[in-house]
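Engineer: Attaching a single structure in structure tokens format; questions to follow.
Set out below in structure tokens:
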């Protein structure tokens with residue numbers, strides 16, 4: 175929901191309802207606030223030299239020796255399908271390697287079509303009596319923002335944020351159709367479900383627009399939830415990284431997916447801007463964030479518990495917090511292959 179002066183806008187009720195029965199990671203962070211860089215990191219669990227090499231070339235591919243969830247599942251008899259509304263969310267970078275069926279939807283507004291194909295994939299797997307792995311990516315909550323009528327966006331289309339919320343609501347309706355199909359076929363309670371985003375969006379909170387160039391909460395912090403049979407619903411407040419999603423799913427399914435999972439320890443979360451050789455980096459700990467401008471060495475430190483809008487730079491004035499975040503950041507830089 176989006177909180178605006180005087181009221182709360184009900185933007186994604188389907189996902190909100192699903193979150194009540196899931197593990198909800200309240201402070202999940204993307205490693206890179208841009209689709210073409212965040213999704214390969216999500217698929218591989220990597221934030222190493224390879225991830226930085228990828229930033230220098232949008233044509234770089236995931237290393238062939240890197241184990242992916244779908245390849246492990248296909249070897250175990252699953253049907254694996256990838257459906258997406260933009261090539262950068264699919265076959266670019268070889269993210270859909272090993273899937274038996276992929277479908278790129280080229281429509282400007284494609285959520286309904288992605289849902290159609292996802293439901294078809296579910297029905298195909300049922301008819302074949304096969305377990306299924308389905309990756310469905312909804313692209314259009316993204317610039318350029320489409321305009322929607324009152325049935326989807328009763329708040330209108332006057333501002334960028336209004337049109338963006340309309341796109342979120344449209345994607346939420348499509349996700350709701352997929353969830354309904356699972357329920358109708360008595361599959362919902364036997365399915366591991368993940369809902370996650372690859373980055374956020376700016377609407378002038380710090381003077382910027384869209385995403386990819388800053389590391390403030392509005393672009394770094396993303397929704398992430400997992401609903402699985404036998405997994406107790408709860409909220410997780412510890413900061414986690416999207417790079418932990420693949421290893422976490424591997425652990426839930428008994429698959430050898432390397433990396434550090436979402437619940438595998440108290441580790442600092444590190445992110446970087448994707449363009450021009452990673453000009454900014456951030457390290458996040460509970461209730462605090464350090465942003466480093468790599469070009470000029472400048473630092474910003476924010477106490478997120480008391481300054482959620484990241485307005486007051488405490489770097490140098492909050493000695494203990496500064497030292498803690500600087501130490502976390504240095505430990506990350508000192509890891510093999512981290513630079």
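Residue numbers (the numbering used here): 175 to 513.
Positions of the beta carbon are idealized from the N, C-alpha and C atoms, including for glycine.
1. Can you give the beta carbon distance from residue 346 to residue 246, rounded, assuming they're within the 8 Å contact cut?
2. Which residues mark the beginning and the end of the beta strand (DSSP E) in which residue 306 is found?
3. In terms of alpha-carbon separation, which member of 432, 394, 475 lies closest to residue 447?
4. Just how far apart, CA to CA, sit residue 490 and residue 391?
5. Expressed to the nearest angstrom, what Euclidean distance is found between the alpha-carbon atoms of residue 155 and residue 500?
6. At 4 residues or longer, and completely inside the stretch 260-346: list those alpha helix (DSSP H) runs for me, N to C.
7. Roughly how many angstroms lie between the CA atoms of residue 462 and residue 208, to the nearest whole one?
8. So residue 259 and residue 311 are supposed to be a Cβ contact under 8 Å. How far apart are they, rounded?
9. So what's residue 482 in DSSP terms, helix, strand or just coil?
10. Is the CB-CB distance between residue 236 and residue 265 below 7 Å?
11. Pairs of beta-carbons, one from the stretch 319-327 and one from the stretch 340-354, closer than 8 Å: are there three or more?
12. Flag this pair as touching only if the stretch 398-406 and the stretch 468-477 have three or more C-beta atom pairs under 8 Å; answer yes or no.
13. By the three-class DSSP mapping on this structure, what secondary structure does residue 256 have?
14. Just to confirm my understanding: we take residue 203, look at its own chain, exclude 5 residues before and 5 after, and list those with CB closer than 8 Å. What are they?
15. DSSP puts residue 415 in a beta bridge; with which residues?
16. Please state whether DSSP places residue 372 in a helix, a strand or coil.
17. Determine the contact status of residue 305 and residue 252, defining contact as a CB-CB distance below 7 Å.
18. Does the Cβ of residue 229 have 16 or more other Cβ atoms within 10 Å, making it buried, or fewer, making it exposed?
19. Determine the DSSP secondary structure at residue 364, reduced to helix, strand or coil.
20. Run through DSSP, which three-state label would residue 469 get?
21. In or out: residue 380 buried (at least 16 other Cβ within 10 Å) or exposed?
22. For the 8 Å Cβ check, are there 3 or more pairs between the stretch 429-437 and the stretch 481-495?
23. Which residue comes first and which comes last in the alpha helix (DSSP H) that contains residue 190?
24. Roughly how many angstroms lie between the CA atoms of residue 317 and residue 503, to the nearest whole one?
25. My output table needs one value for residue 502: the three-state DSSP class, helix, strand or coil.
26. For the alpha helix (DSSP H) that contains residue 210, what are its first and last residues?
27. So, helix, strand or coil for residue 350, using DSSP?
28. By the three-class DSSP mapping on this structure, what secondary structure does residue 436 have?
29. Mind reading off the beta-carbon distance from residue 399 to residue 198? Whole number of angstroms is fine, and I expect it under 8 Å.
Structural biologist: Result, derived from the coordinates:
1. No, residue 346 and residue 246 are not in contact; Cβ-Cβ is about 30 Å, not under 8 Å.
2. 306-311
3. 394
4. 21 Å
5. The requested residue 155 does not occur in the structure, where the chain is confined to residues 175 to 513.
6. 285-301
7. 22 Å
8. 6 Å
9. coil
10. no
11. yes
12. no
13. strand
14. 394, 395, 396, 413, 414, 415, 416, 443, 445, 458
15. 203
16. coil
17. yes
18. With a pLDDT of 49 at residue 229, under the threshold of 50, the modelled position of this residue cannot be trusted; read the value that follows with caution. Counting Cβ neighbours within 10 Å, residue 229 comes out buried, since at least 16 surround it.
19. helix
20. coil
21. exposed
22. no
23. 187-193
24. 32 Å
25. helix
26. 209-218
27. helix
28. coil
29. 5 Å
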